[in-house]
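Notes for the one structure printed next.
Now the structure itself:
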């Protein structure tokens, strides 16, 4: 009897691989972990071979799982394109999305990939600019959607995420012990920069601005090299950084709010992307792993 792969089973299989385990995959496919395990068993029964190698350290793809993975991705992509083309033929054209580069690496890849599967006929143009510039471009009808970082107490638009703003330094260097404190910050006009400088001034800690950049990559490059300390949203930190606490002599910082703003002419395509952004920025999503000062760097 010929085997007909169930797309739900294939989708769960791919989610396990992409998420790195059954627990996170269960959240992505909105099922319990036991249901995900059952789906894997059903798929292995269809294939007639094990797809994962299970040991005490977690799960890894078996050789037949590696062979199936490429086919599964292609089948799901074609399936989703067909569904979108036949059920949502009106979703075409382009959407102009603006965002600070703080969120690009952490959130956008998964959001844009899911949106492309849902709306393959829509072209997404992404512009990375500071929040102040994005507000202006939105008002000038040069963007359809914009993600902006909000000053606490002055939030506008749809808040898609709130998270701590933290001090951070390299996990392998001691820039946080240098006097005056060397800082790597965004350019003037960034509320996070103003909050950091205000907090240090109020606490009486001397500092100097050692590095300034318009991009998070430029800021974190100086911090990762051990040349400076920065203040940033928790999700922007990379695994080679560690968070500095009040007991280390660093004053508390306000919460970061991330808002989604809509342009002058919303369309079904922009609203569909807004829905994917809302899901992708969910406040309950796990944050990337970083070290605290009490931990040894990896």
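Numbering (the working numbering), first residue to last: 2 to 299. For glycine and all other residues, C-beta sits at the position ideal for the given N, C-alpha and C.
Give every residue of the same chain whose Cβ lies closer than 6 Å to the Cβ of residue i, excluding the five residues on either side of it in the sequence, and list them in chain order.
{"i": "residue 204", "result": "252"}
{"i": "residue 285", "result": "Its pLDDT being 40, under 50, residue 285 is placed unreliably by the model, and nothing is read from it."}
{"i": "residue 174", "result": "227"}
{"i": "residue 30", "result": "13, 16"}
Excluding the five sequence neighbours on either side, which residues of its own chain have a C-beta within less than 7 Å of the C-beta of residue i, listed in chain order?
{"i": "residue 265", "result": "142"}
{"i": "residue 281", "result": "108, 111, 112"}
{"i": "residue 4", "result": "47"}
{"i": "residue 149", "result": "132, 135, 136, 260, 262"}
{"i": "residue 295", "result": "The pLDDT assigned to residue 295 is 35, lower than 50, so where the model puts this residue is not dependable; a value taken from the coordinates is nonetheless given after this. Once the five neighbours on either side are set aside, residue 295 has no close Cβ partner at all."}
Residue i and residue j: beta carbons closer than 8 Å?
{"i": "residue 226", "j": "residue 160", "result": "no"}
{"i": "residue 235", "j": "residue 146", "result": "no"}
{"i": "residue 197", "j": "residue 220", "result": "no"}
{"i": "residue 66", "j": "residue 53", "result": "yes"}
{"i": "residue 207", "j": "residue 180", "result": "yes"}
{"i": "residue 152", "j": "residue 99", "result": "no"}
{"i": "residue 123", "j": "residue 62", "result": "no"}
{"i": "residue 40", "j": "residue 24", "result": "no"}
{"i": "residue 237", "j": "residue 217", "result": "yes"}
{"i": "residue 162", "j": "residue 128", "result": "no"}
What residue range is occupied by the uninterrupted beta strand (DSSP E) comprising residue i?
{"i": "residue 100", "result": "94-100"}
{"i": "residue 256", "result": "From DSSP, residue 256 is part of no beta strand (DSSP E); its letter is neither H nor E."}
{"i": "residue 209", "result": "208-214"}
{"i": "residue 243", "result": "242-245"}
Rounded to the nearest angstrom, how far is the Cβ of residue i from that of residue j, given a contact under 8 Å?
{"i": "residue 270", "j": "residue 120", "result": "6 Å"}
{"i": "residue 190", "j": "residue 133", "result": "5 Å"}
{"i": "residue 274", "j": "residue 125", "result": "7 Å"}
Which residue wins for smallest C-alpha separation from residue i, given the options the options?
{"i": "residue 214", "options": "102, 282, 242", "result": "102"}
{"i": "residue 276", "options": "93, 140, 116", "result": "116"}
{"i": "residue 169", "options": "178, 202, 163", "result": "178"}
{"i": "residue 78", "options": "250, 11, 93, 199", "result": "11"}
{"i": "residue 44", "options": "32, 73, 28", "result": "73"}
Spatial neighbours of residue i within its chain, please: C-beta separation below 8 Å, excluding the five flanking residues on both sides.
{"i": "residue 297", "result": "Low local confidence applies: a pLDDT of 34 at residue 297 is under 50, so the model's placement there is unreliable, and no value is given."}
{"i": "residue 8", "result": "76, 77, 80"}
Just curious, the alpha helix (DSSP H) that residue i is in, first and last residue?
{"i": "residue 164", "result": "It is not in any alpha helix (DSSP H) - residue 164 instead sits in the beta strand (DSSP E) that spans 159-164."}
{"i": "residue 34", "result": "34-48"}
{"i": "residue 198", "result": "192-204"}
{"i": "residue 115", "result": "105-119"}
{"i": "residue 185", "result": "Premise fails: residue 185 lies in the beta strand (DSSP E), 182-187, not in any alpha helix (DSSP H)."}
{"i": "residue 11", "result": "8-20"}
The ligand GDP and residue i: does any heavy atom of the ligand fall closer than 7 Å to the residue's C-beta?
{"i": "residue 93", "result": "The ligand GDP is not part of the structure shown, which contains no ligands of any sort."}
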